[in-house]
Amino acid sequence: MASTVFIAKESDSDETRVAASVDSVKKMTALGLNVVVQKGAGAGSKVPDEAFAEAGAKLGTATGAKTADVVLRVRRPTDAEIKGYKKGAVVIAIMDPYGNEKALAALAKAGLTCFAMELMPRITRAQVMDVLSSQANLAGYQAVIDASHEFERAMPMMMTAAGTVPAAKVFVMGAGVAGLQAIATARRLGAVVSATDVRPAAKEQVASLGAKFIAVEDDEFKAAETAGGYAKEMSKEYQAKQAELVADHISKQDIVITTALIPGRPAPKLVSKAMLKTMKPGSICVDLAVERGGNVEGAKAGEIADVEGVRVIGYNNVAGRIAASASQLYAKNLLSFLETLINKDEKTLAIDPEDELVKATMLTHDGKVVHPNFGGADDAKGDA
1 MASTVFIAKE
11 SDSDETRVAA
21 SVDSVKKMTA
31 LGLNVVVQKG
41 AGAGSKVPDE
51 AFAEAGAKLG
61 TATGAKTADV
71 VLRVRRPTDA
81 EIKGYKKGAV
91 VIAIMDPYGN
101 EKALAALAKA
111 GLTCFAMELM
121 PRITRAQVMD
131 VLSSQANLAG
141 YQAVIDASHE
151 FERAMPMMMT
161 AAGTVPAAKV
171 FVMGAGVAGL
181 QAIATARRLG
191 AVVSATDVRP
201 AAKEQVASLG
211 AKFIAVEDDE
221 FKAAETAGGY
231 AKEMSKEYQA
241 KQAELVADHI
251 SKQDIVITTA
261 LIPGRPAPKL
271 VSKAMLKTMK
281 PGSICVDLAV
291 ERGGNVEGAK
301 AGEIADVEGV
311 RVIGYNNVAG
321 RIAASASQLY
331 AKNLLSFLET
341 LINKDEKTLA
351 IDPEDELVKA
361 TMLTHDGKVV
371 HPNFGGADDA
381 KGDA
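The UniProt record's numbering applies: residue 1 is where the sequence shown begins, and numbers increase by one.
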């Protein structure tokens with residue numbers, strides 16, 4: 001009998017995205033899977049129930065999860081929600097596992113096999129499943145749009161008979177996926193853009209987009225990158241030198257966008273109130289790391305805060321501010337991963353525990369937390 005996939009409606013009031021698109025539903029049904037979409041699941045992404053139904057899905061209520069073999073979500077389900085899932089069901093979502101050991105234990109206790117999409121390895125095979133990149137790309141774009149909305153001045157240089165309006169100066173801190181898209185978007189809007197990052201490889205990427213690279217380029221800087229391509233935390237000495245350089249640069253900027261995150265750690269503090277105080281009245285700062293504690297001193301999650309005369313934008317779920325696009329990309333990420341877990345002849349789940357994607361993303365299975373980063377490996381050693 002073909003497996004049933006349930007598309008859940010998100011319960012978090014800040015979450016506008018949905019874990020499926022019309023296209024992904026069509027492809028799942030073409031694989032022979034039974035697809036049930038919870039009524040109203042696509043409302044925040046402007047996908048009506050009728051569109052999912054026309055694509056081949058059945059419409060249901062939350063109780064539909066009780067018989068589902070697979071539950072697709074944007075965010076990790078709550079303790080109340082997992083009570084409605086059947087034992088042994090597969091749950092795939094952005095699980096936010098770091099620092100949430102109690103939630104992982106609850107998922108394991110419920111007998112669920114859970115996969116965290118944000119732990120997808122950055123390898124060629126998994127590029128189409130990389131939710132961090134797909135969502136960060138949109139967040140970087142939206143950060144510039146939000147900044148321009150609050151800036152109350154023109155972004156490009158305007159030359160008129162009445163005089164010349166100078167181009168806005170935009171400084172992007174962190175040149176990962178979000179940062180690079182922010183640079184590109186600000187450049188498209190005509191701003192003069194500069195950027196910084198602790199990874200040496202970022203210098204060439206920043207320059208390729210027409211922005212100026214700002215960093216203390218000493219020996220520590222030249223070695224500052226993890227094997228996975230992420231930024232690593234720098235020494236206190238380097239941070240002090242970089243902060244001095246950045247502080248001087250920030251004083252000349254109109255808009256600052258911060259994007260720095262370290263997996264499993266609080267977001268590093270990059271911009272102090274003292275730095276903000278040196279900026280001109282009407283300047284803008286966008287903190288894309290605010291949900292992880294923030295890069296900017298004084299930033300408030302879910303708000304625009306006035307800090308030393310600077311508007312500090314701390315919106316939650318920035319990708320979700322353009323939910324239709326974010327859901328479309330996220331649904332493709334999910335579908336691509338789900339396809340690797342399905343036996344296409346039997347139209348049922350066939351999870352290979354030795355698959356590198358499964359090993360990297362599986363959090364819980366058979367009543368246990370199994371991921372080595374969250375206690376699984378330690379537990380196994382302790383039992384031996």
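We put the beta carbon where it would ideally sit given N, CA and C, even for glycine.
Take SER11, set aside five residues on each side of it, and the residues of its chain with a beta-carbon closer than 7 Å to its own are THR78, GLU81, in chain order.
Bounds of any alpha helix (DSSP H) do not take in GLU303; it lies within the beta strand (DSSP E) bounded by 303-307.
Counting along the chain, ALA51 sits inside the alpha helix (DSSP H) bounded by residues 49-54.
Straight through space, the alpha carbons of LEU338 and GLU152 are spaced by roughly 45 Å.
DSSP places ILE92 inside the beta strand (DSSP E), whose first and last residues are 90-94. In the three-state reduction of the DSSP assignment, VAL318 falls in the coil class, being assigned neither a helical nor a strand state. Of the other Cβ atoms in all chains shown, 16 or more fall within 10 Å of the Cβ of GLY42; this residue is therefore buried. Considering only VAL193, ILE250, LYS102, GLY64, the residue with the shortest C-alpha distance to THR364 is LYS102.
The beta carbon of VAL206 is closer than 6 Å to those of ALA175, ALA195, PHE213 in its chain, skipping five residues each way along the sequence. Within the same chain, and ignoring the five residues on either side of ALA324 in sequence, the residues whose Cβ sits closer than 8 Å to its Cβ are SER45, LYS46, VAL47. Under the three-state reduction of DSSP output, GLN38 falls in the strand class.
With fewer than 16 other Cβ atoms from the protein chains shown falling within 10 Å of its own Cβ, ASN343 counts as exposed. In this structure, SER148 places its C-beta atom within 8 Å of the C-beta atom of LEU189. Under the three-state reduction of DSSP, ALA162 is assigned to coil, being neither helix nor strand.
By the CB criterion at 8 Å, GLU297 and LYS252 fall outside the cutoff. The criterion of a C-beta distance shorter than 8 Å is satisfied by TYR330 and GLN135. Within 10 angstroms of the beta-carbon of LYS27 lie 16 or more other beta-carbons, which makes it buried.
Apart from sequence neighbours up to five positions away, the residues of its chain that approach ALA65 with a beta-carbon distance below 7 Å are PHE6, ALA8, VAL71, GLY84, TYR85, ordered along the chain.
In the structure shown, VAL192 falls within a strand segment according to DSSP collapsed to helix, strand and coil. Under the DSSP assignment, MET173 falls in the beta strand (DSSP E) whose first and last residues are 169-173. Three or more Cβ pairs closer than 8 Å define a contact, and the region 233-252 falls short of that threshold against the region 287-307.
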